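Residue numbers (the working numbering): 66 to 304. C-beta: ideal position from N, C-alpha, C; glycine also. None of these values were measured; they are calculated from a predicted model. Heads up, the thing below is written out as structure tokens.
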């Protein structure tokens, strides 16, 4: 059993569902949480494979790929290897990264995530704060909408690595949650010994992304992870 505390609130869990926008975000922002958990499932929303006729994006070209389907195929293998190091189960949803075309709606993402939430029983759900990137914001909005519908376990938010360092974004998100009546309380998680090393090994699996980010491009992943307990307004929970 893993434990965490948030301003006097004690959280305990064995099985956690971590929702990730892209194939790397969960490890970048919550890798130590994944390594600490006894059983974790990572659902990546934007893990769909574009058709072979899709033009290669500037990012994929920078990552060393010649097409979108080649890129996502390789990135799925990287993700599988990374989550294997952390002892997690990967689940990939079919939505396409925004670089490949039209993005799904919040409602479409909600429907897909709802199926995942109903598929198993979890002791805790972790979602991204949804900073900067349009895909991250879409996933956050979908999770926020589901927060009151699935209240059998606590929800926490992890800070999106790399983007959380951009001026004002974290404060804006916390302010928007407050404006929506959601209380966000810092959570302290005591990680197991060696989790930072395992996280670093997992991050190294994302070789194509590290290539594109360049030297020191993911240095923020070495900083302490931070989480927030999310509590919706009283009376807002679905029956």
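Supposed close pair residue i, residue j - CB separation, criterion 8 Å
i, j, result
"residue 222", "residue 192", "5 Å"
"residue 228", "residue 196", "4 Å"
For residue i, the residue or residues it bridges with in DSSP
i, result
"residue 85", "109"
"residue 157", "109"
"residue 223", "193 and 292"
"residue 286", "DSSP, once it has assigned bridges, lists no residue as partnering residue 286."
Local conformation of residue i per DSSP, three classes
i, result
"residue 47", "Here the chain has residues from 66 to 304 only, and residue 47 is not among them."
"residue 218", "coil"
"residue 228", "helix"
"residue 202", "helix"
"residue 294", "strand"
"residue 167", "coil"
"residue 263", "helix"
"residue 93", "helix"
"residue 130", "coil"
"residue 137", "helix"
"residue 142", "helix"
"residue 257", "coil"
"residue 277", "helix"
"residue 186", "coil"
Backbone CA spacing between residue i and residue j [nearest angstrom]
i, j, result
"residue 92", "residue 203", "19 Å"
"residue 148", "residue 252", "23 Å"
"residue 278", "residue 116", "25 Å"
"residue 240", "residue 206", "14 Å"
"residue 173", "residue 167", "13 Å"
"residue 122", "residue 164", "7 Å"
"residue 249", "residue 293", "6 Å"
"residue 113", "residue 246", "33 Å"
"residue 230", "residue 282", "12 Å"
"residue 304", "residue 217", "For residue 304, the pLDDT reaches just 40, beneath the cut-off of 50, and the residue's location in the model is therefore unreliable, although a value from the coordinates is still provided. If I take the Cα positions, the gap works out to 11 Å."
"residue 187", "residue 82", "7 Å"
"residue 285", "residue 226", "6 Å"
"residue 151", "residue 107", "11 Å"
"residue 157", "residue 90", "13 Å"
"residue 141", "residue 155", "9 Å"
"residue 170", "residue 179", "14 Å"
"residue 263", "residue 104", "15 Å"
"residue 85", "residue 200", "10 Å"
Touch check for the segment 133-149 and the segment 178-194: three-plus C-beta pairs under 8 Å? no
Can you find at least 3 beta carbon pairs, one from the segment 255-270 and one from the segment 227-238, that sit closer than 8 Å? no
Can you confirm whether the segment 263-272 touches the segment 211-221 when touching is taken to mean that 3 or more C-beta pairs between the two stretches lie within less than 8 Å? no
Pair every Cβ in the segment 84-102 with every Cβ in the segment 283-298, then say whether three or more of these pairs are closer than 8 Å. yes
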